[in-house]
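Student: For reference, the structure I am asking about is given below.
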Amino acid sequence: MLKFASLLLALSFCQGRQHHNINNDDEVVPVFQASKYSSLWPLPQKVQISEISFKLSGTSFKIVDAKESSAGSSCSILQSAYRRYYEYMFGSAKKQWGGKNRRADLTELHVWITSPDSECDAYPGVTSDESCESFYGGLETFSQLVYEDEYGAKNINSSKISDFPRFAHRGVLLDSSRHFLPIKVILANLETMAMNKINVFHWHIVDDQSFPYLSRTFPQLSQQGAYHPYTHVYTPADVKMVIEFARLRGIRVIPEFDTPGHTQSWGKGQTDLLTPCFSGSKPSGTFGPVNPILNTTYDFMTQFFKEVSTVFPDTYVHLGGDEVDFTCWKSNPDIQKFMEQQQFGEDYSKLESFYIQRLLDIVSTTQKGYLIWQEVFDNGVKLKADTLIHVWKGNQQQYQNEMANVTASGYQTLLSTPWYLNRISYGQDWQGFYKADPQDFKGTDEQKKLVIGGEACLWGEYVDATNLTPRLWPRASAVAERLWSASNVTDIDDAFNRLSLHRCRMVERGIPAEPLFSSYCPHEYKGV
Amino acid sequence: KKKNHHVTRFCCLQSVKGVWPLPQSFTISSERYPLNPQAFYFAYGKQSAAQEGCSVLDEAFKRYFSLIFPDYISGSILQFSEDQPFTVQVSVGLDDCDGYPDENSSEQLYTLCLSTGLETFSQLVYQEDFGSYFVNKTEIEDFPRFQFRGILLDTSRHYLPVRAILKTLDAMAFSKFNVFHWHIVDDPSFPYQSRTFPDLSAKGAFHPMTHIYTQSDVRRVISYARMRGIRVLPEFDSPGHTQSWGKGQSDLLTPCYRGSTPSGTFGPVNPALPSTYKFMATLFKEVSSVFPDSYIHLGGDEVNFSCWKSNPDVRAFMQKMGFGTDFTKLEAYYMENIVNITTALNKTSIVWQDVFDYHERIPKDTVLHIWKGDPASYEAELSRITKAGYRVLLAAPWYINHISYGQDWRNYYTVQPLNFSGTEEQKKLVIGGEVCMWGEYVDATNLTPRLWPRASAAAERLWSDEKQTSNVDKAFPRLQDFRCKLLRRGIQAEPLFVGHCKHEYQGV
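Set out below in structure tokens:
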């Protein structure tokens with residue numbers, strides 16, 4: 001029996017990013033043709049696929065640690081990834097091809113981790129993630145190269161691939177407040193994120209509508225603020241499970257606790273946290289944003305974010321800060337008095353800044369970095385130098401200007417504006433997502449380097465467990481390639497051909513990813 | 001980003017929000033009866049013509065028992081109550097239990113008994129927080145506004161596994177739809193496995209084994225639908241939309257020419273060859289025996305003339321027939337022949353509006369299916385066609401495959417199918433409407449959440465009284481409640497807006 005050791009995991013620490021401009025081709029309805037890159041998605045940085053093919057057999061194939069590897073069998077993330085990818089590649093074939101006599105050309109995949117400080121049980125970090133990226137990316141790429149021939153046997157062509165992501169932050173935002181998302185749905189989507197080399201799960205966990213996060217320090221928040229205190233909450237064990245499931249797939253979990261706006265549900269379990277609105281001289285019974293003038297507010301936030309910083313191991317936390325409506329603050333006589341004292345005049349954005357600045361100080365003491373929505377920057381709040389500004393507003397010209405302004409001020413930034421995937425329309429809207437480029441704005445090379453990536457956002461007004469997965473995939477896959485592959489990978493026809501196959505692969509792996517256009521998959525979705 | 005719409009929350013549902021679609025007359029009192037699954041019975045009335053052994057009703061009793069008591073597992077509940085037995089008595093005037101739910105014949109059994117009786121009753125039962133079931137004393141008088149309430153599924157642009165079709169039939173019954181319009185073949189693929197022409201699917205399906213509907217698949221769909229009071233209307237669209245037919249049937253399609261030589265591509269069905277009509281007669285003979293419905297949909301839409309124009313034989317035929325250069329005459333000639341074939345088979349034809357637009361010499365019992373344009377233009381078309389005395393079916397406002405952001409169900413709800421200029425007689429010619437889910441972007445991965453509850457909005461428009469259901473905002477909480485019922489029944493219906501259901505969807 002022949003034995004080939006195929007080694008894919010060539011680590012690259014290359015930081016060089018290219019900055020080509022994108023040609024905006026007119027939208028066309030693509031016709032499927034095989035791509036020379038077969039079904040690879042997102043496209044690796046360098047690919048050479050030869051004509052020489054090898055047979056793989058599920059009965060003999062193994063994924064093993066190379067002798068020289070700096071990480072071995074005690075490394076839990078490696079071992080569970082090996083098993084997962086084995087099942088992706090042979091899961092269905094195992095049943096059909098049990099025979100031991102089938103000749104196999106390739107029997108082992110050797111995984112050689114060269115990074116000297118492979119921290120197996122560590123949480124995927126922002127800076128220490130290169131070996132991690134290569135590991136997961138490499139396994140996923142290998143599995144994508146395996147194809148079924150007309151006899152149902154698994155094959156792989158001899159290929160040379162070197163790969164690294166263009167951007168470090170490749171995220172998907174899910175919103176579990178407007179609709180509660182059962183854990184099962186979150187896990188299935190983490191699984192799919194890994195297939196698309198997405199490495200950040202931005203968990204917009206609470207908002208106006210509901211507070212499903214069960215806080216140990218303030219249990220009444222979900223007790224009163226969730227849709228249901230038992231069936232519609234995330235317990236500490238649930239949250240832990242999500243984080244661990246994500247970690248095993250090289251995905252970071254960044255929680256967002258958005259304040260001072262978008263907090264209606266917080267007020268149900270925490271009295272005096274929100275601003276009482278007035279109509280005339282009397283409280284109207286409704287509440288506005290977090291009350292920024294009370295010391296109790298900051299005591300609460302201190303304790304709350306202390307908990308958040310221990311529950312979520314990521315070095316970043318998202319603090320929101322978007323869409324603060326001033327009408328309630330304006331109506332409240334205590335706030336008016338405070339504005340006078342502070343000499344803010346009629347400028348309520350100064351009050352917002354006052355709040356955010358104190359909040360940022362609080363979060364800084366927990367040793368976390370933070371992301372904030374762009375308004376906080378726009379309002380001139382004083383920010384730590386390592387703050388990440390999340391751009392989400394405006395049309396193309398407006399967000400490009402915003403990216404230019406943010407980076408000109410020396411801040412790192414990530415882009416979401418063109419990737420609001422909750423906004424659906426008829427037809428192949430993935431092409432629009434695919435064409436957007438986060439470095440496409442006027443600025444110096446230094447400025448472009450401050451773009452750390454982007455996020456596809458699936459806000460939850462019209463999305464829950466019933467339709468989330470087909471609405472997200474493969475549309476988010478278009479964003480995934482933009483954030484992973486080289487900037488000159490812009491051929492929309494080639495992308496259509498690869499993405500069609502990639503979507504069928506997701507379907508075969510049990511993910512109900514919706515179709516791009518009239519077509520079929522050899523193995524259709526079975527989960528009806 | 002996150003628009004602050006009004007927040008609608010449901011608190012602890014303690015009584016029924018209503019029935020969807022709204023019955024014609026409905027009075028609910030506060031007097032309520034407890035229902036105990038162990039002392040709950042369906043029975044045939046003494047006067048009923050149908051008695052035990054009526055397959056449709058026996059099956060329906062079994063089905064609705066589980067729908068009424070969703071978490072009841074036989075023997076697992078401890079009983080302490082001394083509830084009186086509760087019996088739902090069903091009386092049908094006509095024993096038609098093995099009949100097909102055709103237009104008029106089985107009105108009593110299928111429409112009245114299944115839809116207005118059992119389905120409505122099941123929606124009236126509610127469960128309290130402690131798990132007990134109740135029904136309030138309610139008086140209902142009900143009948144559908146339109147007799148044709150359809151859903152079109154397209155199994156050619158994407159193959160839909162039989163399971164996905166059956167699931168849709170389940171959900172259709174919950175919204176009182178009664179016609180499944182099966183757009184079974186089209187350009188991209190021919191999944192219908194024909195007895196007489198097996199090559200059509202062997203060569204024209206996406207895959208000859210895994211992506212076809214066998215004869216037994218089709219029988220299963222028809223019988224599953226019948227049990228739910230749903231007719232199955234097959235569509236074999238020609239002469240356009242037939243690319244996939246050509247793969248398994250040579251000489252059926254028109255060879256297109258570039259200059260004086262065939263270009264290698266094919267156009268619509270070739271109307272100039274006698275063999276075409278022989279083939280069609282044989283195929284439709286099979287179709288009319290496989291599908292028991294008395295209607296067949298013949299398509300006839302969007303015929304592109306450029307290929308016919310390019311072909312010298314077709315041009316010669318035009319000259320011979322005296323059509324000049326008017327290719328609509330050729331198309332009319334073709335459709336007339338096809339309609340005659342189905343008439344001879346004792347089937348009534350349904351065709352897309354295009355056929356009326358270019359041709360008036362079609363049998364008077366033909367139904368025209370309106371699918372084009374904005375309200376102004378489909379209203380004008382309704383007016384024109386009914387004035388000519390034809391029956392019509394409205395689909396134009398319910399192209400539900402067209403998605404957009406937000407609550408587009410409101411648009412489907414506010415359609416006024418009879419709002420066109422015409423006499424009372426003309427209005428009577430509108431036999432109903434149809435929700436179309438074309439398949440370019442839809443397959444088993446996203447069909448169900450894209451269809452429900454958006455199609456339910458149209459269902460109410462086709463069933464209920466328009467005056468009583470003219471307020472969309474009033475309908476909203478009732479539809480939201482109905483959507484949660486669909487979830488409870490295992491239908492993956494998407495949310496209308498922010499909020500939650502007591503029992504969320506448990507799949508992925």
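Chains as they are written, first to last, in UniProt numbering: chain A, 1 to 528; chain B, 1 to 508.
Glycine is no exception: its CB is placed at the ideal position from the N, C-alpha and C atoms.
1) Check for me: the alpha helix (DSSP H) holding B:Phe-180 runs from which residue to which?
2) Would you check if the distance between the CB atom of B:Gly-240 and the CB atom of B:Asp-154 is smaller than 8 angstroms?
3) Can you tell me whether A:Lys-240 is buried or exposed? The criterion is at least 16 other CB atoms within 10 Å of its CB, across all chains shown.
4) Since I believe A:Ile-52 is in contact with A:Leu-109 (beta carbons under 8 angstroms), could you give me their beta-carbon distance rounded to a whole number of angstroms?
5) Do A:Leu-483 and A:Arg-170 have their C-beta atoms closer together than 8 angstroms?
6) Specify, as a first and last residue, the run of the alpha helix (DSSP H) that A:Pro-283 falls within.
7) Under 7 angstroms between beta-carbons, which chain B residues line up against A:Glu-461? List them in chain order, please.
8) Give the C-beta separation of B:His-181 and B:Glu-381 to the nearest angstrom, bearing in mind that I take them to be a contact with Cβ-Cβ under 8 angstroms.
9) List the endpoints of the continuous beta strand (DSSP E) containing B:Pro-268.
10) Taking all protein chains shown into account, decide if B:Val-498 is buried (16 or more other Cβ within 10 angstroms of its Cβ) or exposed.
11) Does the beta carbon of A:Ile-183 come closer than 8 angstroms to any beta carbon on chain B?
12) Suppose contacts are defined by Cβ-Cβ distances below 8 angstroms. Is A:Leu-319 in contact with A:Phe-300 by that definition?
13) Express the C-alpha separation of B:Lys-428 and B:Pro-495 in angstroms, rounding to a whole number.
14) What does the alpha-carbon distance come out to for the pair A:Gly-454 and A:Phe-245?
15) Would you call B:Tyr-413 buried or exposed, if buried means 16 or more other Cβ atoms sit within 10 Å of its Cβ?
16) Below 8 angstroms on the Cβ atoms is my contact criterion, and I expect B:Leu-298 with B:Thr-342 to pass it. Report the Cβ-Cβ distance as a whole number of Å.
17) Look at the alpha carbon of B:Val-92 and the alpha carbon of B:Gly-53, and state the distance between them as a whole number of angstroms.
18) Within 8 angstroms of any Cβ in chain B, is that where the Cβ of A:Pro-229 sits?
19) Measuring only between beta-carbons, confirm whether A:Pro-260 sits less than 8 angstroms from chain B.
20) Report the rounded CA-to-CA distance for B:Gly-507 versus B:Glu-425, giving the unit in angstroms.
21) In chain order, what residues of the same chain have a beta carbon less than 6 angstroms from the beta carbon of B:Gln-51, not counting five sequence neighbours either side?
22) Does A:Tyr-426 come within less than 8 angstroms of chain B when only Cβ atoms are used?
23) What does B:Gly-439 touch in chain A if you count any residue whose Cβ is under 8 angstroms from its own?
24) Report buried or exposed for B:Tyr-41, applying the criterion of at least 16 other Cβ atoms within 10 angstroms of its Cβ.
25) Are the CB atoms of A:Ser-177 and A:Gly-460 nearer to each other than 8 angstroms?
26) One question on the structure: do B:Arg-361 and B:Glu-336 come within less than 8 angstroms of each other, judged by their Cβ atoms?
27) May I ask you to report which of helix, strand or coil DSSP gives A:Asn-157?
28) Under 8 angstroms, Cβ to Cβ, is there at least one residue of chain A near B:Phe-206?
29) Answer with yes or no whether the minimum CB distance from A:Glu-27 to chain B is below 8 angstroms.
30) Are the region 220-229 of chain B and the region 161-172 of chain B touching by the rule of at least three beta carbon pairs closer than 8 angstroms?
31) Just the C-alpha distance for A:Val-317 and A:Gln-357, rounded to the nearest angstrom, thanks.
32) Which same chain residues end up closer than 6 angstroms to A:Asp-258 when comparing Cβ atoms and leaving out the 5 residues on each side of it in sequence?
33) May I ask which residues mark the beginning and end of the alpha helix (DSSP H) holding A:His-202?
34) Taking beta-carbon pairs under 7 angstroms, can you tell me which members of the region 153-180 of chain B lie near chain A?
35) Alpha carbon to alpha carbon, how far is A:Asp-334 from A:Thr-297?
36) Of all the residues that make up the region 494-517 of chain A, which are near chain B by a beta-carbon distance shorter than 7 angstroms?
Tutor: With the structure as the only source:
1) Residue numbering aside, residue 180 of chain B sits at position 180 when the second sequence is read from its first letter. Taken as a continuous stretch (DSSP letters only), B:Phe-180 belongs to no alpha helix (DSSP H), being part of the beta strand (DSSP E) at 179-183.
2) Within the second sequence, the letter at position 240 stands for residue 240 of chain B. Within the second sequence, the letter at position 154 stands for residue 154 of chain B. It is not a contact, given that the beta carbons lie outside the stated cut-off.
3) Numbered from 1 along the first sequence, position 240 holds the residue referred to as residue 240 of chain A. Exposed: under 16 other Cβ atoms inside 10 Å.
4) For the purposes of this step, residue 109 of chain A is taken as residue 109 along the first sequence, with counting starting at 1. For the purposes of this step, residue 52 of chain A is taken as residue 52 along the first sequence, with counting starting at 1. With 8 angstroms as the limit, A:Leu-109 and A:Ile-52 do not qualify as a contact, their Cβ atoms being about 17 angstroms apart.
5) Taking the first sequence and counting its residues from 1, the one referred to as residue 483 of chain A is at position 483. Taking the first sequence and counting its residues from 1, the one referred to as residue 170 of chain A is at position 170. Their beta carbons are under 8 angstroms apart, which means A:Leu-483 touches A:Arg-170 by this criterion.
6) Locating residue 283 of chain A in the first sequence gives position 283, counting from the first residue. Note, A:Pro-283: premise wrong, no alpha helix (DSSP H); beta strand (DSSP E) at 282-290.
7) Taking the first residue of the first sequence as position 1, residue 461 of chain A is located at position 461. Simply Phe-497 and Val-498.
8) Start at 1 with the first residue of the second sequence, and residue 181 of chain B comes out as number 181. Start at 1 with the first residue of the second sequence, and residue 381 of chain B comes out as number 381. Not really, about 19 angstroms apart at Cβ, beyond 8 angstroms.
9) For the purposes of this step, residue 268 of chain B is taken as residue 268 along the second sequence, with counting starting at 1. Its beta strand (DSSP E) spans residues 261-269.
10) Here the question's residue 498 of chain B lines up with position 498 in the second sequence. Buried, since its Cβ has 16 or more Cβ neighbours within 10 Å.
11) On the first sequence, position 183 is the one that residue 183 of chain A refers to. So, not an interface residue.
12) Position 319 of the first sequence, counting from 1, holds the residue named residue 319 of chain A. Position 300 of the first sequence, counting from 1, holds the residue named residue 300 of chain A. Going by beta carbons, A:Leu-319 and A:Phe-300 fall outside the 8 angstroms limit.
13) For this step, residue 495 of chain B is matched to residue 495 along the second sequence. For this step, residue 428 of chain B is matched to residue 428 along the second sequence. Their backbone Cα atoms lie some 35 angstroms apart in a straight line.
14) Taking the first sequence and counting its residues from 1, one reaches residue 454 of chain A at position 454. Taking the first sequence and counting its residues from 1, one reaches residue 245 of chain A at position 245. Approximately 22 angstroms between the Cα atoms of the pair.
15) The count along the second sequence starts at 1 and reaches residue 413 of chain B at position 413. Answer is buried; the Cβ neighbour count reaches 16.
16) The count along the second sequence starts at 1 and reaches residue 298 of chain B at position 298. The count along the second sequence starts at 1 and reaches residue 342 of chain B at position 342. Right, the Cβ-Cβ distance comes to about 7 angstroms (below 8 angstroms), so this counts as a contact.
17) Within the second sequence, residue 92 of chain B is the residue found at index 92, counting from 1. Within the second sequence, residue 53 of chain B is the residue found at index 53, counting from 1. B:Val-92 and B:Gly-53: Cα-Cα distance of roughly 13 angstroms.
18) Within the first sequence, the letter at position 229 stands for residue 229 of chain A. Chain B contact via Cβ: absent.
19) Within the first sequence, the letter at position 260 stands for residue 260 of chain A. No, because no Cβ of chain B sits closer than 8 angstroms to the Cβ of A:Pro-260.
20) Residue 507 of chain B sits at position 507 when you count from the first residue of the second sequence. Residue 425 of chain B sits at position 425 when you count from the first residue of the second sequence. Looking at the two C-alpha atoms, the distance is approximately 49 angstroms.
21) Start at 1 with the first residue of the second sequence, and residue 51 of chain B comes out as number 51. So the qualifying residues of the chain are Tyr-44.
22) Here residue 426 of chain A refers to the residue found at position 426 when the first sequence is read from its first residue. Interface residue, yes.
23) Position 439 of the second sequence, counted from the start, is the residue given in the question as residue 439 of chain B. Ordered by position in chain A, the residues that pass the 8 angstroms Cβ test against B:Gly-439 are Ser-518.
24) Here residue 41 of chain B refers to the residue found at position 41 of the second sequence. B:Tyr-41 is classed as exposed because its beta carbon has fewer than 16 other beta carbons within 10 Å across all chains shown.
25) Here residue 177 of chain A refers to the residue found at position 177 when the first sequence is read from its first residue. Here residue 460 of chain A refers to the residue found at position 460 when the first sequence is read from its first residue. Against a cut-off of 8 angstroms, the Cβ pair of A:Gly-460 and A:Ser-177 comes out as a contact.
26) Within the second sequence, the letter at position 361 stands for residue 361 of chain B. Within the second sequence, the letter at position 336 stands for residue 336 of chain B. Going by C-beta atoms, B:Arg-361 is nearer than 8 angstroms to B:Glu-336.
27) In the first sequence, counting from the first residue as 1, residue 157 of chain A sits at position 157. Residue state for A:Asn-157 is assigned as strand, using DSSP reduced to three classes.
28) In the second sequence, counting from the first residue as 1, residue 206 of chain B sits at position 206. So yes, B:Phe-206 belongs to the interface.
29) Residue numbering aside, residue 27 of chain A sits at position 27 when the first sequence is read from its first letter. The predicted position of A:Glu-27 is uncertain, since its pLDDT is 41 and thus under 50; a value taken from the coordinates is nonetheless stated next. A:Glu-27 does not count as touching chain B.
30) yes
31) For the purposes of this step, residue 317 of chain A is taken as the residue at position 317 of the first sequence. For the purposes of this step, residue 357 of chain A is taken as the residue at position 357 of the first sequence. Taking the straight line joining both Cα atoms gives about 15 angstroms.
32) One-based indexing of the first sequence puts residue 258 of chain A at position 258. Excluding sequence neighbours, A:Asp-258 sits near Gly-320.
33) As a working mapping, residue 202 of chain A is identified with position 202 in the first sequence. Looking at the DSSP string, A:His-202 is not in any alpha helix (DSSP H); the run it does join, the beta strand (DSSP E), is 200-204.
34) Arg-157, His-158, Tyr-159, Pro-161, Arg-163, Ala-164 and Lys-167
35) Within the first sequence, numbered from 1, the residue matching residue 334 of chain A stands at position 334. Within the first sequence, numbered from 1, the residue matching residue 297 of chain A stands at position 297. Near 15 angstroms, if we compare the C-alpha coordinates of A:Thr-297 and A:Asp-334.
36) Residues of the region 494-517 of chain A with a C-beta less than 7 angstroms from any C-beta of chain B: Val-507, Pro-512, Ala-513, Glu-514, Pro-515 and Phe-517, listed in chain order.
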